[in-house]
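If you're matching them up, the sequences are chains A and B in order.
Counting in the working numbering, the first sequence runs from 2 upward without gaps.
Counting in the working numbering, the second sequence runs from 6 upward without gaps.
To start, the structure itself, in structure tokens.
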Amino acid sequence: MVPATMKPAPFHYHAPRTVAEAVTLLAQVAPEDGRVLAGGQSLVPTMAFRLARPRHLVDINGIDELKRLVVEDGRLCIGAGVRHAAFHRPVVPGPLGQLLSEVVRHIAHHPIRTRGTFCGSIAHADPASEWCAVAAALDAEMVAISTRGTRVIPAVDFFQGIMTTALADDELLAEVRLPTLRAGVRVGFAEFNRRAGDFAVAMAVAIYGVQDGVIAESRLAVGGAEASPRRIDAAEYALRGGAPTRNTFELAAELVARALDPLEDNQNTAGYRRDVARAMVRRALEQAEQKAGA
Amino acid sequence: MTDKLDIILNLNGRDHSIRVEPRKTLVDAIREDCGLTGTHIGCEHGVCGACTVILDGETVRSCLMFAVQAQGKTIRTVEGLADGKTLHPLQRAFMAHHGLQCGFCTPGFLMLAANTLEQHPDIDDEELREVLSSNLCRCTGYQNVVKAVRAAADEMRNPAKNPAN
Ligand SMILES: Cc1cc2nc3c(=O)[nH]c(=O)nc-3n(C[C@H](O)[C@H](O)[C@H](O)COP(=O)(O)OP(=O)(O)OC[C@H]3O[C@@H](n4cnc5c(N)ncnc54)[C@H](O)[C@@H]3O)c2cc1C
Ligand code: FES
Ligand code: FES
Numbered sequence: 002m003v004p005a006t007m008k009p010a011p012f013h014y015h016a017p018r019t020v021a022e023a024v025t026l027l028a029q030v031a032p033e034d035g036r037v038l039a040g041g042q043s044l045v046p047t048m049a050f051r052l053a054r055p056r057h058l059v060d061i062n063g064i065d066e067l068k069r070l071v072v073e074d075g076r077l078c079i080g081a082g083v084r085h086a087a088f089h090r091p092v093v094p095g096p097l098g099q100l101l102s103e104v105v106r107h108i109a110h111h112p113i114r115t116r117g118t119f120c121g122s123i124a125h126a127d128p129a130s131e132w133c134a135v136a137a138a139l140d141a142e143m144v145a146i147s148t149r150g151t152r153v154i155p156a157v158d159f160f161q162g163i164m165t166t167a168l169a170d171d172e173l174l175a176e177v178r179l180p181t182l183r184a185g186v187r188v189g190f191a192e193f194n195r196r197a198g199d200f201a202v203a204m205a206v207a208i209y210g211v212q213d214g215v216i217a218e219s220r221l222a223v224g225g226a227e228a229s230p231r232r233i234d235a236a237e238y239a240l241r242g243g244a245p246t247r248n249t250f251e252l253a254a255e256l257v258a259r260a261l262d263p264l265e266d267n268q269n270t271a272g273y274r275r276d277v278a279r280a281m282v283r284r285a286l287e288q289a290e291q292k293a294g295a
Numbered sequence: 006m007t008d009k010l011d012i013i014l015n016l017n018g019r020d021h022s023i024r025v026e027p028r029k030t031l032v033d034a035i036r037e038d039c040g041l042t043g044t045h046i047g048c049e050h051g052v053c054g055a056c057t058v059i060l061d062g063e064t065v066r067s068c069l070m071f072a073v074q075a076q077g078k079t080i081r082t083v084e085g086l087a088d089g090k091t092l093h094p095l096q097r098a099f100m101a102h103h104g105l106q107c108g109f110c111t112p113g114f115l116m117l118a119a120n121t122l123e124q125h126p127d128i129d130d131e132e133l134r135e136v137l138s139s140n141l142c143r144c145t146g147y148q149n150v151v152k153a154v155r156a157a158a159d160e161m162r163n164p165a166k167n168p169a170n
């Protein structure tokens with residue numbers, strides 16, 4: 002029978018104050034479906050629907066050392082306690098801070114961004130997560146800690162399918178690192194969704210540098226269209242050496258459309274998703290160019 | 006199955022000592038254990054915003070937090086908006102501009118708008134619409150909600166216009 006109300010199943014609550022305590026707890030409770038509770042903005046809804054019934058929750062909100070958001074060795078280090086809302090204003094000068102502050106506005110709504118965390122999005126790995134697309138585009142490094150030690154997982158190995166990652170059950174995603182981008186690099190982001198704040202049908206992240214009038218380096222990633230976000234090599238390759246103009250962008254967008262194996266659901270056919278992705282790639286590339294000219 | 010925990014919730018400046026299971030959401034604790042039923046429950050999965058409250062100065066969906074997580078924080082609900090018998094400018098504006106019909110979504114919109122205007126008294130229309138898109142209303146069609154918040158914003162910046170003064 003369908004329950005009359007949506008209430009999470011019972012669980013044991015743990016509130017560690019340090020990373021060491023948290024991973025010790027995780028090692029104990031992970032075998033009994035113990036999980037990390039970060040912002041709760043994805044986990045609590047799934048618990049309300051009883052799609053998830055964790056027996057233990059390890060709440061990491063009280064761990065101060067996870068709140069760090071700093072640049073070290075040319076990389077922005079985003080601790081597991083950093084919430085989406087931290088990115089409303091650029092967190093670093095230059096193109097990376099600008100990109101993150103534009104992308105964050107597409108994630109859910111303000112009262113969800115005050116709780117949800119960057120690392121929670123990465124760990125949750127929804128195919129339509131904006132942060133996952135950014136992480137794929139920038140080859141982010143994920144720092145996972147357990148009682149067995151610390152390992153650094155590159156984005157290409159981290160995302161393994163719909164809500165599936167390389168994290169083991171007892172691992173805490175302590176931090177995600179993004180390379181900062183040098184001044185002058187152009188960044189663009191575009192996504193399409195049916196209502197403001199909804200999960201996107203498809204999105205594109207475009208990052209490129211221009212030298213002597215042609216594109217010298219490029220990163221182009223698509224999210225929402227497939228099970229995991231990824232860079233599209235063929236399109237990145239086609240961009241390099243081309244002038245940053247509509248023809249070049251359209252060619253890249255077409256190559257993306259051909260490379261994709263889009264997800265289908267009851268609202269979106271694969272063909273429709275491919276069309277939307279093509280349009281988002283073109284828009285992201287154009288947007289980057291317009292901002293550079295502005 | 007899990008033991009109940011003794012916690013204190015600070016709501017609108019008053020402490021409430023309650024005993025809850027860890028799985029109890031903040032909104033259920035506010036309504037059932039603290040007896041403040043002004044905060045409404047719509048979807049219980051973060052989509053509608055009816056349960057919006059202000060926690061340590063930021064709006065949150067109180068259906069997506071557990072009550073135990075709100076210990077030691079200050080929580081403001083719709084009951085705390087009015088100053089005694091004097092309604093908050095937003096409450097008056099919602100009445101004057103028909104920002105509500107059935108009223109189910111209203112407490113959530115009021116808390117969302119109150120926090121927004123406190124943080125950004127000079128918010129422009131585009132930003133305001135963007136923030137208000139956080140919450141759902143099945144009755145008003147939103148236009149009068151936008152009008153009401155805009156009117157309250159103007160009044161709060163320029164209190165001389167307040168007819169109650
Ligand atoms: C109405 C609504 C709309 C939304 N729209 C969007 C959207 O458009 N785009 C988008 O990207 N997201 C959206 N979200 C989801 C939101 O961004 C979440 O904040 C995010 O997906 C998860 O982050 P969290 O911190 O809330 O994690 P939680 O919900 O706490 O956790 C999610 C999962 O990740 C695990 N986890 C979390 N942190 C860690 C960690 N540090 N180490 C190991 N495991 C961890 C948890 O155990 C859990 O399984 C929406 C949510 C709602 C309610
Ligand atoms: S009841 Fe909390 S968002 Fe709908
Ligand atoms: S007034 Fe009825 S839902 Fe908004």
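Beta carbons: idealized from backbone N, C-alpha and C, even for Gly.
The structure presented is a predicted model; accordingly, all values stated were derived computationally and were not measured.
Item: Per DSSP, which residues does Gly224/A bridge with? Please list them.; Value: Met204/A
Item: Run the Cβ filter for me: residues under 5 Å from any heavy atom of ligand 3, listed in the order they occur in the chain.; Value: Leu105/B, Gln106/B, Cys107/B, Phe109/B, Cys110/B, Cys142/B, Arg143/B and Cys144/B
Item: Classify Val157/A as helix, strand or coil using the three-state DSSP reduction.; Value: helix
Item: Answer yes if the segment 130 to 137 of chain A comes into contact with the segment 153 to 167 of chain A, meaning at least three C-beta pairs across the two stretches below 8 Å, and no otherwise.; Value: yes
Item: Using a beta-carbon distance below 8 Å, is Asn170/B in contact with chain A?; Value: Its pLDDT being 46, under 50, Asn170/B is placed unreliably in this model, and the value from its coordinates should be taken loosely. It does not; no Cβ of chain A falls within 8 Å.
Item: Ordered along the chain, which non-local residues of its own chain (more than five positions away) have a Cβ less than 7 Å from that of Ile12/B?; Value: Ile23, Val25, Ala72, Val73 and Gln76
Item: Pick from Tyr238/A, Leu221/A, Gly272/A and Tyr209/A: whose alpha carbon is nearest that of Pro96/A?; Value: Tyr209/A
Item: Straight-line CA distance for Arg114/A to His85/A?; Value: 5 Å
Item: Roughly how many whole angstroms lie between the Cα atoms of Gly62/B and Cys39/B?; Value: 20 Å
Item: On the DSSP letters alone, give me the boundaries of the alpha helix (DSSP H) that Asp104/A sits inside.; Value: Rather than Asp, the amino acid found at residue 104/A in this sequence is Val. Unbroken alpha helix (DSSP H) run through Val104/A: Pro96 to Val104.
Item: Going by other Cβ atoms of all chains shown within 10 Å of its Cβ, with 16 needed for buried, is Glu123/B buried or exposed?; Value: exposed
Item: Thinking Ala203/A and Val83/A are a contact (beta carbons under 8 Å), I'd like their distance in whole angstroms, please.; Value: Actually they do not touch by this definition, with Cβ atoms about 26 Å apart.
Item: Quick check: is the beta carbon of Val65/B nearer than 8 Å to any beta carbon in chain A?; Value: yes
Item: Closer than 8 Å between beta carbons: that is the criterion. Which residues of the segment 64 to 97 of chain B meet it against chain D?; Value: Absence of chain D from the displayed structure is noted, the protein chains being A and B.
Item: Using a cut-off of 7 Å between C-beta atoms, extract the partners of Asp60/A located in chain B.; Value: Gln74
Item: Say yes only if the C-beta of Ile46/B is nearer than 7 Å to one or more non-hydrogen atoms of ligand 2, and no if none qualify.; Value: yes
Item: Taking the continuous beta strand (DSSP E) assigned at Glu265/A, which residues delimit it?; Value: First-last for Glu265/A: undefined, no H or E at that position.
Item: Tell me whether the segment 24 to 31 of chain A and the segment 29 to 48 of chain B touch, counting them as touching only if at least three CB pairs, one residue from each stretch, are closer than 8 Å.; Value: no
Item: To the nearest angstrom, how far is the alpha carbon of Asp8/B from that of Val59/A?; Value: 16 Å
Item: When the Cα atoms are used, what is the spatial distance from Lys68/A to Arg18/A?; Value: 12 Å
Item: For ligand 1, I want to know if Ile154/A counts as a neighbour, meaning its beta carbon is within less than 7 Å of at least one of the ligand's heavy atoms.; Value: no
Item: Cβ-heavy atom distance between Ala55/B and ligand 2 below 7 Å?; Value: yes
Item: Is Pro128/A near ligand 5, in the sense that its beta carbon is under 7 Å from a heavy atom of that ligand?; Value: Summarising the ligand content, the structure contains ligand 1, ligand 2 and ligand 3 and does not contain ligand 5.
Item: Report yes if the C-beta of Phe200/A is less than 7 Å from at least one heavy atom of ligand 1; otherwise report no.; Value: yes
Item: One question on the structure: do Val92/A and Gly98/A come within less than 8 Å of each other, judged by their Cβ atoms?; Value: yes
Item: Identify every run of the beta strand (DSSP E) within the segment 5 to 78 of chain A, keeping only runs that are complete inside it and at least 3 residues long; order them along the chain.; Value: 13 to 15, 35 to 38, 57 to 60 and 70 to 73
Item: Ignoring anything shorter than 4 residues, give me the alpha helix (DSSP H) runs that lie fully in the segment 54 to 123 of chain B, in order along the chain.; Value: 94 to 101
Item: Can you name the residues of chain A whose CB is closer than 7 Å to the CB of His102/B?; Value: In chain order: nothing, as chain A lies at least about 22 Å away.
Item: So is Cys56/B buried or exposed if we call it buried at 16+ other beta carbons inside 10 Å?; Value: buried
Item: In terms of DSSP beta bridges, what is Gly162/A paired with?; Value: Thr165/A
Item: Pick from Arg76/A, Gly224/A and Ala129/A: whose alpha carbon is nearest that of Arg183/A?; Value: Arg76/A
Item: Ignore the nearest five residues each way along the sequence and tell me which others in Val136/B's own chain have a CB closer than 6 Å to its CB.; Value: Thr121
Item: Tell me which residue opens and which closes the alpha helix (DSSP H) that Leu256/A is part of.; Value: Arg247 to Ala260
Item: Using 10 angstroms around the beta-carbon of Pro263/A, count the other beta-carbons present and answer buried if the total reaches 16, otherwise exposed.; Value: buried
Item: Using a Cβ cut-off of 8 Å (strictly closer), state whether Phe114/B contacts chain A.; Value: no
Item: At a CB-CB cut-off below 9 Å, which residues of chain A make contact with His50/B?; Value: Met7, Val45, Pro46, Thr47, Ala49 and Phe50
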